[in-house]
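All remarks here apply to the structure that follows.
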Amino acid sequence: MAENEPWQDPKSPQDARLASLDERLRQAQAEEATRSGGHERTAGSMRLFHRLLSVLIAYPLGSALIGYAIDRVAGTRGIWVAMMFVGFGLAIREVWKMSQQSPE
1416 MAENEPWQDP KSPQDARLAS LDERLRQAQA EEATRSGGHE RTAGSMRLFH
1466 RLLSVLIAYP LGSALIGYAI DRVAGTRGIW VAMMFVGFGL AIREVWKMSQ
1516 QSPE
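If you want it as C-alpha coordinates, here you go:
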(Lines of atoms letter the chains of each structure in order from A and count residues from 1; the text may use other names and numbers.)
(Lines give C-alpha, C1' and ligand atoms only; values in the text may rest on other atoms or scores of the structure.)
Protein backbone atom coordinates (compact mmCIF):
# COMPACT_ATOMS: atom_id res chain seq x y z
CA MET A 1 0.00 0.00 0.00
CA ALA A 2 1.19 3.49 -0.63
CA GLU A 3 2.05 5.52 2.42
CA ASN A 4 0.02 8.53 1.41
CA GLU A 5 -3.37 6.79 1.22
CA PRO A 6 -5.86 8.57 3.49
CA TRP A 7 -7.30 5.47 5.17
CA GLN A 8 -3.92 4.08 6.24
CA ASP A 9 -2.65 4.92 9.69
CA PRO A 10 0.93 6.19 9.19
CA LYS A 11 2.12 4.73 12.49
CA SER A 12 0.34 1.36 12.30
CA PRO A 13 2.37 -1.76 13.09
CA GLN A 14 3.50 -3.91 10.19
CA ASP A 15 0.81 -6.25 8.92
CA ALA A 16 1.31 -9.86 10.05
CA ARG A 17 0.84 -11.07 6.47
CA LEU A 18 3.69 -8.87 5.26
CA ALA A 19 5.95 -10.08 8.06
CA SER A 20 5.12 -13.68 7.16
CA LEU A 21 5.79 -12.98 3.49
CA ASP A 22 9.15 -11.37 4.28
CA GLU A 23 10.14 -14.37 6.40
CA ARG A 24 9.15 -16.84 3.68
CA LEU A 25 11.11 -14.80 1.11
CA ARG A 26 14.24 -14.85 3.30
CA GLN A 27 13.85 -18.59 3.81
CA ALA A 28 13.42 -19.23 0.07
CA GLN A 29 16.51 -17.15 -0.75
CA ALA A 30 18.55 -19.05 1.84
CA GLU A 31 17.38 -22.40 0.43
CA GLU A 32 18.22 -21.30 -3.11
CA ALA A 33 21.70 -20.20 -2.05
CA THR A 34 22.23 -23.56 -0.36
CA ARG A 35 20.88 -25.50 -3.33
CA SER A 36 22.97 -23.67 -5.90
CA GLY A 37 26.06 -23.76 -3.73
CA GLY A 38 26.15 -19.99 -3.54
CA HIS A 39 27.43 -19.78 -7.11
CA GLU A 40 26.47 -16.66 -8.96
CA ARG A 41 27.51 -15.35 -12.30
CA THR A 42 30.95 -13.98 -11.81
CA ALA A 43 33.17 -12.02 -14.13
CA GLY A 44 35.24 -15.15 -14.72
CA SER A 45 32.30 -17.26 -15.82
CA MET A 46 31.02 -14.51 -18.10
CA ARG A 47 34.51 -14.13 -19.59
CA LEU A 48 34.60 -17.87 -20.28
CA PHE A 49 31.14 -17.72 -21.88
CA HIS A 50 32.18 -14.85 -24.14
CA ARG A 51 35.36 -16.66 -25.15
CA LEU A 52 33.36 -19.80 -25.94
CA LEU A 53 30.87 -17.85 -28.01
CA SER A 54 33.57 -16.03 -29.93
CA VAL A 55 35.38 -19.29 -30.72
CA LEU A 56 32.22 -20.99 -31.95
CA ILE A 57 31.44 -18.07 -34.27
CA ALA A 58 34.85 -16.79 -35.36
CA TYR A 59 36.62 -20.05 -36.26
CA PRO A 60 34.07 -21.29 -38.81
CA LEU A 61 33.45 -17.78 -40.16
CA GLY A 62 37.15 -17.00 -40.49
CA SER A 63 37.86 -20.34 -42.13
CA ALA A 64 35.00 -19.87 -44.58
CA LEU A 65 36.35 -16.41 -45.43
CA ILE A 66 39.81 -17.85 -46.10
CA GLY A 67 38.22 -20.56 -48.25
CA TYR A 68 36.25 -17.94 -50.17
CA ALA A 69 39.47 -16.02 -50.85
CA ILE A 70 41.11 -19.23 -52.08
CA ASP A 71 38.07 -19.86 -54.31
CA ARG A 72 38.30 -16.38 -55.84
CA VAL A 73 42.05 -16.60 -56.48
CA ALA A 74 42.09 -20.18 -57.76
CA GLY A 75 38.86 -19.85 -59.75
CA THR A 76 37.27 -22.83 -58.00
CA ARG A 77 34.00 -23.36 -56.16
CA GLY A 78 33.23 -25.11 -52.89
CA ILE A 79 36.51 -24.76 -51.03
CA TRP A 80 34.84 -22.28 -48.66
CA VAL A 81 32.42 -25.01 -47.52
CA ALA A 82 35.26 -27.41 -46.79
CA MET A 83 37.14 -24.70 -44.95
CA MET A 84 34.03 -23.87 -42.91
CA PHE A 85 33.88 -27.50 -41.74
CA VAL A 86 37.57 -27.31 -40.86
CA GLY A 87 36.72 -24.21 -38.81
CA PHE A 88 33.95 -26.08 -37.01
CA GLY A 89 36.39 -28.86 -36.20
CA LEU A 90 38.94 -26.39 -34.86
CA ALA A 91 36.24 -24.68 -32.78
CA ILE A 92 35.17 -27.99 -31.24
CA ARG A 93 38.82 -28.79 -30.47
CA GLU A 94 39.25 -25.40 -28.79
CA VAL A 95 36.07 -25.88 -26.74
CA TRP A 96 37.37 -29.30 -25.67
CA LYS A 97 40.65 -27.73 -24.54
CA MET A 98 38.74 -25.04 -22.64
CA SER A 99 36.64 -27.68 -20.89
CA GLN A 100 39.76 -29.54 -19.73
CA GLN A 101 41.25 -26.47 -18.03
CA SER A 102 40.77 -26.16 -14.30
CA PRO A 103 38.50 -23.28 -13.23
CA GLU A 104 40.53 -20.36 -11.96
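Those letters in the sequence shown? Residues 1416 to 1519, by this note's numbering.
Just so you know, even glycine gets a beta-carbon here, dropped at the ideal spot from N, CA and C.
- Around the Cβ of A1458, a 10 Å sphere holds fewer than 16 other Cβ atoms; the residue is exposed.
- Boundaries of the alpha helix (DSSP H) harbouring G1477: A1458 to A1489, taken from the DSSP string.
- In the three-state reduction of the DSSP assignment, S1514 falls in the helix class.
- Here G1502 really is in contact with S1478; their C-beta atoms are around 3 Å apart, less than 8 Å.
- Taking P1475 as reference, the option from A1445, E1509 and Q1444 with the minimal CA-CA separation is E1509.
- For D1437, the enclosing alpha helix (DSSP H) has its first and last residue at A1431 to R1450.
- The Cβ-Cβ distance between I1507 and W1495 does not fall below 9 Å.
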